[in-house]
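Undergrad:
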Amino acid sequence: MPRQVLEVTLTADSVAADAALAASGDATAFERLYRAHVNRVHSLVRRMLDADEADDLTQDVFVRAWEKLSTFRGESAFGTWLHRLAVNVVLARRKTLGVERGRFHAGEDSLEDVSGRRETPEVAMDFEEALSNLPDGARQVFVLHDVEGYRHEEIARMLGVVPGTSKSQLHHARMALRRYLDR
Amino acid sequence: MNDQWTDRLSEYVDGELANGERHALETHLATCAECRAIVADLRKVVARAKALEDRGPTRDLWPRVAQRIRGDRPVRHDRRRFSLTVPQLLAASIALILLSGSGAWLALKPRQSAVVTPRPDAEFAVLNVSTRRTDAAIADLQEVFDRSKSRLDTSTVRVVQQAFTTIDRAIAEARAALVADPGNAYLNLHLADTMRRKLELLRRVNAIAAAQS
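Those protein sequences? They're chains A and B, same order as listed.
One point on numbering: in the working numbering, the residue at position 23 of the first sequence is 23, and numbering is uninterrupted.
Each number in the working numbering comes from the position in the second sequence (counting from 1) with 183 added on.
1) Hey, which unbroken runs of the beta strand (DSSP E) at 3 residues or more fall wholly within the stretch 307-380 of chain B?
2) Counting only C-beta atoms, is Gln325(B) closer than 9 Å to chain A at any point?
3) Hey, out of Thr28(A), Ser168(A), Gly25(A) and Gly79(A), whose CA is closest to Ala16(A)'s CA?
4) What's the call for Thr339(B), buried or exposed, on a 16-neighbour Cβ count within 10 Å?
5) Note down the Cα distance separating Ile155(A) from Lys68(A), rounded to an integer number of angstroms.
6) Can you check whether the C-beta of Tyr34(A) is within less than 9 Å of a C-beta belonging to chain B?
7) Between the stretch 220-228 of chain B and the stretch 36-56 of chain A, do three or more beta carbon pairs fall short of 8 Å?
8) Classify Thr241(B) as helix, strand or coil using the three-state DSSP reduction.
9) Specify the secondary structure class of Arg151(A) as computed by DSSP and reduced to three states.
10) Spatial neighbours of Val162(A) within its chain, please: C-beta separation below 7 Å, excluding the five flanking residues on both sides.
11) Assuming the contact rule is C-beta atoms closer than 8 Å, Leu374(B) and Arg358(B) should be a hit. Round their C-beta distance to whole Å, please.
12) Evaluate contact between the stretch 232-245 of chain B and the stretch 187-195 of chain B, counting only Cβ atoms and requiring at least three cross-stretch pairs below 8 Å.
13) Assuming contact is defined by CB atoms lying nearer than 9 Å, are Ser14(A) and Ala390(B) in contact in what I supplied?
14) Taking a cut of 8 Å between CB atoms, which residues from the stretch 343-375 of chain B lie near chain A?
15) Answer yes if the stretch 139-148 of chain A comes into contact with the stretch 171-182 of chain A, meaning at least three C-beta pairs across the two stretches below 8 Å, and no otherwise.
16) Could you list which residues in chain A have their beta carbon closer than 7 Å to that of Trp245(B), in chain order?
17) Counting C-beta neighbours from all protein chains within 10 Å, is the total for Phe265(B) 16 or more, i.e. buried, or is it exposed?
18) Give every residue of the same chain whose Cβ lies closer than 6 Å to the Cβ of Ala274(B), excluding the five residues on either side of it in the sequence, and list them in chain order.
19) Just to confirm my understanding: we take Ala320(B), look at its own chain, exclude 5 residues before and 5 after, and list those with CB closer than 7 Å. What are they?
20) In the stretch 124-144 of chain A, which residues sit with their C-beta less than 9 Å from some C-beta in chain B, listed in chain order?
21) Leaving aside the five residues before and after Asp364(B) along the sequence, list all residues of the same chain whose C-beta is less than 7 Å from its C-beta, in chain order.
22) So for Arg231(B), helix, strand or coil by DSSP?
23) In terms of residues, what are the limits of the alpha helix (DSSP H) holding Val87(A)?
24) Please report the straight-line C-alpha distance between Thr165(A) and Tyr150(A), rounded to a whole angstrom.
25) Quick check on Tyr95(A) - is its C-beta less than 9 Å from some C-beta in chain B?
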């Protein structure tokens with residue numbers, strides 16, 4: 001077995017071992033899992049919600065993971081399991097905020113707001129910032145599809161819409177963001 | 184610009200158009216520079232999205248997470264069945280099963296593996312003999328590993344040592360528990376299985392170290 005493959009395998013084994021230990025109540029093992037995954041979780045949360053919510057929601061994700069660890073059976077990688085859990089926490093939060101439906105179908109004006117700012121250098125946004133200014137529906141779909149790799153059918157199930165809506169929102173998001181490619 | 188194809192360009196970029204539509208769009212692209220430019224931009228957006236780098240929080244969130252989970256141990260289905268140390272042994276057992284690709288299928292049935300089936304004493308005697316043999320084999324392979332680990336890079340050795348620490352802790356805990364309850368079927372099987380996992384890991388790592396020479 002090539003050395004690189006071995007290292008990846010052993011690292012995955014180490015994560016699986018930490019997940020099992022954490023499931024039995026080992027907080028030290030859980031802290032190792034937190035350190036290994038916090039950047040990815042925080043980035044997902046920040047991109048799908050407002051930045052000022054990201055810290056609180058990231059904490060919520062890990063607390064929820066701690067509570068649900070006994071349901072992690074190792075069928076998928078721990079990172080995949082945690083990531084899906086994070087998406088669920090974010091979507092639940094959005095429902096709590098009561099913004100999901102209303103803002104999912106609104107948004108053309110917001111898209112124009114995003115694209116309209118590009119011509120003014122003093123308010124120039126980078127790609128991530130432009131992403132955060134997308135209307136919620138387009139932003140969710142873009143992050144889930146283009147950043148996180150979910151399929152339209154999965155996204156539609158998560159968001160309670162039809163796949164066609166997911167495709168349409170994705171296209172609108174991309175059309176707005178193409179103006180920020182060089183930033 | 185907004186011709187009949189504009190709203191379908193993302194589907195084209197993602198390869199989601201049916202053959203007939205794709206051919207029709209490609210015919211259109213051959214004559215529409217604007218749509219071609221949009222397609223190129225959309226492909227760049229997709230590539231840019233995939234290249235976004237993850238950034239962590241600006242402050243350490245762990246102290247708050249630790250505070251929130253303190254005193255809130257996860258509830259396992261099998262907790263009621265065993266003494267306090269056994270869930271830890273079970274968790275370590277799962278970790279060890281996951282250390283071996285060939286044993287991964289067992290992880291899919293954790294509840295079944297937790298069910299204790301009493302065995303006749305004769306079977307424990309066989310297990311004890313087997314454990315002594317495994318002890319000797321582990322000692323031999325450990326000696327080989329100690330001699331050959333310099334052929335592996337330090338990060339690999341570190342990960343292996345961490346795995347050994349986990350395994351050794353599980354073995355020690357199982358043995359300690361067996362002193363108090365020598366006839367416990369689960370503990371006997373757990374100890375034998377844990378030792379076998381260590382044996383497998385040692386064989387695997389030693390083979391890789393040998394291949395490096």
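Backbone N, C-alpha and C define an ideal beta-carbon position, used for all residues, glycine too.
TA: With the structure as the only source:
1) none
2) no
3) Gly79(A)
4) buried
5) 23 Å
6) yes
7) no
8) coil
9) coil
10) Ala156
11) 7 Å
12) no
13) no
14) Val343, Gln345, Ala346 and Thr349
15) yes
16) Glu31 and Tyr34
17) For Phe265(B), the predicted model reports a pLDDT of 33, less than 50, meaning its position is unreliable and no value from the coordinates is stated.
18) Only weak support exists for where Ala274(B) lies, its pLDDT of 45 falling under 50; the value from the coordinates is given anyway. So the list is empty, once near-sequence residues are dropped.
19) Leu382
20) Phe127, Glu128, Leu131, Phe142 and Val143
21) Leu370
22) helix
23) Phe78 to Leu97
24) 15 Å
25) Residue identity differs from the one stated: residue 95(A) is Lys in this sequence, not Tyr. Closer than 9 Å: no.
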